[in-house]
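First to last, the protein sequences are chains Z and A.
So for the first sequence, the numbering used here puts the first residue at 382; every next one is plus one.
So for the second sequence, the numbering used here puts the first residue at 595; every next one is plus one.
Here a beta-carbon is modelled for each residue, glycine too, at the ideal position from N, C-alpha and C.
Notes for the one structure printed next.
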Amino acid sequence: MKQINYIVFIVSVMFLISCEYDNYDGPSVKFTGSLITASGDPFFYDGNPGRGLIKVIQKGFGKTDGGTNVRVDERGNYAQLLFPGEYWLTLENNPYPFEVENINSLGAGLGYDSIKIDLKSDLKMDFKVTPYYLLTDFTAKVENNNIVLNCNVTKNPDAPATAPKVTFGRGYVSTTSIVNGGTLLTRTKRAVITDSGSFEVVIPIFGVNSFREIYTNNFKESAYCRVSVELEGIPSYYLFSNITKIENVPLTP
Amino acid sequence: MKLNNIITIIFFSAIFLTLVSCDDWLTQKDLTGMNPSDTYSSDQGITSIVANLYSRLRYEQDFALDNESYDLTRWDEAVNNSQYWAFASNVGRDYRSYYDYGLIRDINLHLEELEKNAKSIPDDKLKYYKAEARYLRAFVYFTMVTRIGGVPLITETMGYVDDPLLLAKKRNKESEVYDFIVNEIDDIKNDLTVYSSTITQTRASKGSALALKSRAMLYAGSLAFNYDKSAAKGLNLPSGATGIEKSKANAYLEKCLEACQELDDMQYYALYQKDADLSLNYSKLFLNRTDNREIIFCKAYDGVNMFNYFTQRAIARSQTGVAKSGAQINPTLNLVNSYELLATREIKPMQAYVGEDAIELMTAKTSDKNYIIYDKPEDIFAGRDPRLAGTVLHAGSTFKNKPIDLQAGLAILEDDGTYTFKSAQSIEAISTANYEGIKMTGEDGPFRAGSSFWYISHSGFLLRKYVDTSTGSETKGNSSVPYIVFRYAEVLLNGAEAALLLNMNGVGSYNGKDTKTLSLDYINKVRKRAGGDEFKLNASELTFDRIINERKVELSFEDHRYYDLKRWRIADEIWEPNRDSETAVLYGLWPYKIYAPGKPVDGKWLYRKVKLEHRGSATDMGMPISFDRTMYYSTYPMNAGNLLVEMNPNH
């Protein structure tokens, strides 16, 4: 009987001391901030989780992964929980239709400069972004069973003279306020930009690739819209407008 | 004798015994395996080692490996219609990342053993074995360089060292890997003339080495030719691990032509030309390798020991032999539209509508579109390149002497001139579902209704190419159709492209022959076999777009298109994930029989161009194909600690 007491005692001691090194705390440091334009306004970004922009990397033996991608939302805000430590902040290796202050390209296909950040406590960091083009006078309306989106495109006077030319405009309509090419609730269509620098995208409400086709029994009477422009030689990453809501989308043709 | 003395004697004898007795009991002969000197003393031994090396060559779409044909249906040639179709969906930068230094080491080891232990093998055979191993090694390096760019060239085995980082190697330049391949082939090609009387198709031969050279040099040449395009897309690393300088283009392209010429000089290989029916001739070319001089190198199946499941997966629903299989590979309208008109050699899409082309939803039950009415279902495909009927089964085709029953449903003509479409409501009801006594949906589809709609055509087309016609081949992997790696027509098209690129690069003549004429000669050999003399191109028609289209059509389903679009640096444009894209969104063509009693159109046919839904993911059907700039070079493995490894561009 004494032996059993002894064993019970040892086992309970083991329970108390054993698991200390097996568990560790989750990431706790908040790394947040926004993309802003020269005038301090928010810079509207894609928001599609597949279109990463910022990433942070830790270096060391065995750290061969691609780092942590930080998702930037439609309004240019980001927030990421990280472990405390030293990180290198850089941009994902893609061409972009804008420049980020202090983070320069190392050449086509070769990636970008990195900034060392020592993350001990919460950090807020804003990035000044210079888009090559500005989207102005964005309007959305319902017209003859279509959702019609209009926008003007002008070259940003602050952008470098070598900025590539605009090739296409795109329109997006969604049933929710999250509007980007990465969600299933968004329908998108491409349009050619006229010489005068404006474009119009007409997205049908009924039929193939239409608003009502987003899902079966889509009886929403409001839609969220935005537009983007694509630049020559810069695939997948576009310049975006703000998101606006339109009402009274017809339910039947 | 004193006790002490006895103990001393026993003690010393015991020590003596330990010194002499146990000489080699630890080094016993391994009875479970053969040692190198035994193995390398006979042809059988060497062949069994080489058989293992051949079996490890990587073919993503071979007939045993490509599970359910997911890979074959991943790009724009076909969509998958097994119940696991979503596995044939879009992929990312890791796709086809291939880094097989295990195989390279085994080949190097094989070469070293041949050197050391094959003393009893006659010289000429030994030469062949060594050349064969080097051919295999060149082939593996080619497979790697086409996927992940420049890789370290390792030509001998490495031994154990305390610090593994001493073995770390830098990536060779992409061009150096191609140079290695061509130098190896030039070195060994004459040793590969096989000692037996017939030229083998399943082992290394001079022909297969030259075919590899022509393909590798064309790839290298077109990468160099497209250097500027690569630069604009960020695909050239400054170290040269990816991207080949423009100045090297002509030398590579000339080497491609050199290989094509040398293959012709062998006077052995020829295009398969046995049937007067050109469609039948084209389809038979792929079915049998005996007495088929077009096949240069292939992986053979006998259907007994080496199973080939391709026919089982691809055969029409009405002829399937195994439950839950068949009709899994559905060619797309995107491919079918690429077959030229035979008489005018024009590339023209199928004409389903009067006026502008429309795109319809499979689920739409009514339509006010203005359709072109055809008397018979096959009429829409009339007058096309005979390879269309040799590659694809469409409404009105027959296979194994049985008609293929492709009919999406009945199109009921309403009084106001619009159509209402009726089709079976579930797959079980297809054989009985009728409207006013007329059967609605064909046994082979195209069909999409109810909760189960797999193993039946989805696009309105079925595959004929590579589908075995022999009895019983549709069951249990019992097909013996070979998987072709190199065939003569490809070499001809390689030559045509190389000559045209030289011409575009300002090189007017090669070996005293005008490069444009040379290109025409090569492409027209293939086209003449495909469609007769009238199908030959003339000089003004020969543009690079024709080369693109010819390769798409002639080499369809042979795993060329993915690599071709990559090396032309247009894959991200053709397969840009855009829902308006005509090339990245996949379409089908659904045949309907018209029901309009008493009216002239009754019993005639119309076609609807539909967006294919089995593409993408279960939650987003009809998604366009996606290929981005990170996918030109697949992920290069980042081995922990090796600081010499360089990431691929855009990664």
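- Below the 8 angstroms Cβ cutoff, chain Z contributes no neighbours of Glu1008 of chain A, its closest Cβ being approximately 18 angstroms away.
- Note: Glu611 of chain Z is bridge-paired with Z:Phe549 in the DSSP secondary-structure output.
- The contact set of Pro616 of chain Z on chain A, defined by CB atoms closer than 8 angstroms, consists of Asp1166, Glu1170, Asp1222, Arg1223 in chain order.
- For a Cβ distance threshold of 9 angstroms, residue set Ala489, Gly614 of chain Z lies close to Ala826 of chain A, ordered along the chain.
- For Pro746 of chain A, there is no enclosing beta strand (DSSP E), as DSSP marks it with neither H nor E.
- The beta carbons of Val1079 of chain A and Lys807 of chain A sit no closer together than 8 angstroms.
- At a cut-off of 8 angstroms between beta carbons, His1245 of chain A contacts chain Z.
- Under the Cβ criterion of 8 angstroms, Leu1206 of chain A is not counted among the residues facing chain Z.
- Interface with chain A (8 angstroms Cβ-Cβ cutoff): Asn475 of chain Z is included.
- Listed in chain order, the positions of the stretch 556 to 569 of chain Z with a beta carbon within less than 7 angstroms of a beta carbon of chain A are Leu565, Thr569.
- Against chain Z, the beta carbon of Asp1214 of chain A has neighbours under 7 angstroms at Leu565, listed in chain order.
- Per DSSP, the continuous alpha helix (DSSP H) segment holding Phe819 of chain A begins and ends at 800 to 819.
- The stretch 861 to 871 of chain A makes contact with the stretch 1078 to 1094 of chain A, as at least three CB pairs between them are under 8 angstroms.
- Taking C-beta atoms as the reference points, Leu472 of chain Z and Phe412 of chain Z fail to come closer than 8 angstroms.
- Cβ contact annotation for Ile643 of chain A (same chain, cutoff 7 angstroms, sequence separation greater than five): Thr633, His704, in chain order.
- Buried is the label assigned to Ser415 of chain Z, since at least 16 other Cβ atoms lie within 10 Å of its Cβ.
- Boundaries of the alpha helix (DSSP H) harbouring Val771 of chain A: 768 to 782, taken from the DSSP string.
- When DSSP assignments are scanned along the stretch 386 to 472 of chain Z, no uninterrupted stretch of alpha helix (DSSP H) that is 4 or more residues long falls wholly within it.
- Pairing Thr737 of chain A with Tyr692 of chain A gives a Cβ-Cβ distance under 8 angstroms.
- When Z:Asn526, Z:Gly421, Z:Lys626, Z:Gly466 are compared, the shortest CA-CA separation from Ser409 of chain Z is found for Z:Gly466.
- Among the residues facing chain A, Asn590 of chain Z is included, as its CB has a counterpart in that chain under 8 angstroms away.
- Per DSSP, the beta bridge partners of Asp499 of chain Z are Z:Glu467.
- Sixteen is the threshold: since fewer than 16 other Cβ atoms of the shown chains lie within 10 Å of the Cβ of Pro1191 of chain A, the residue is exposed.
- The DSSP-derived three-state label of Val583 of chain Z is strand.
- Around the beta carbon of Ser393 of chain Z, fewer than 16 other beta carbons sit within 10 angstroms, so the residue counts as exposed.
- With contacts defined as CB atoms closer than 8 angstroms, Thr960 of chain A and Thr1012 of chain A qualify as a contacting pair.
- Annotation for Pro971 of chain A: no beta strand (DSSP E) segment contains it, and DSSP assigns it neither H nor E.
- Distance from Leu620 of chain Z to Tyr493 of chain Z at the Cβ level is roughly 18 angstroms; contact not present, criterion being Cβ atoms closer than 8 angstroms.
- Ranked by Cα distance from Gly441 of chain Z, the options A:Asn1244, A:Met1241, A:Asn1236, A:Asn1097 are led by A:Asn1236.
- Only residues of its own chain outside the window of five on either side were considered, and among them Pro943, Lys1203 have a CB closer than 8 angstroms to the CB of Asp951 of chain A, listed in chain order.
- Contact of Asp670 of chain A with chain Z by beta-carbon distance below 8 angstroms is absent, the smallest such distance being about 18 angstroms.
- A Cβ-Cβ distance of about 6 angstroms is found for the pair Gly990 of chain A and Lys970 of chain A, placing them in contact under the 8 angstroms criterion.
- Boundaries of the beta strand (DSSP E) harbouring Glu524 of chain Z: 514 to 524, taken from the DSSP string.
- Nearest in C-alpha terms to Tyr876 of chain A, of all of A:Tyr813, A:Val1147, A:Lys1130, is A:Val1147.
- In the three-state reduction of the DSSP assignment, Met1098 of chain A falls in the helix class.
- With respect to Ile889 of chain A, Asn1143 of chain A sits apart: the two C-beta atoms are not nearer than 8 angstroms.
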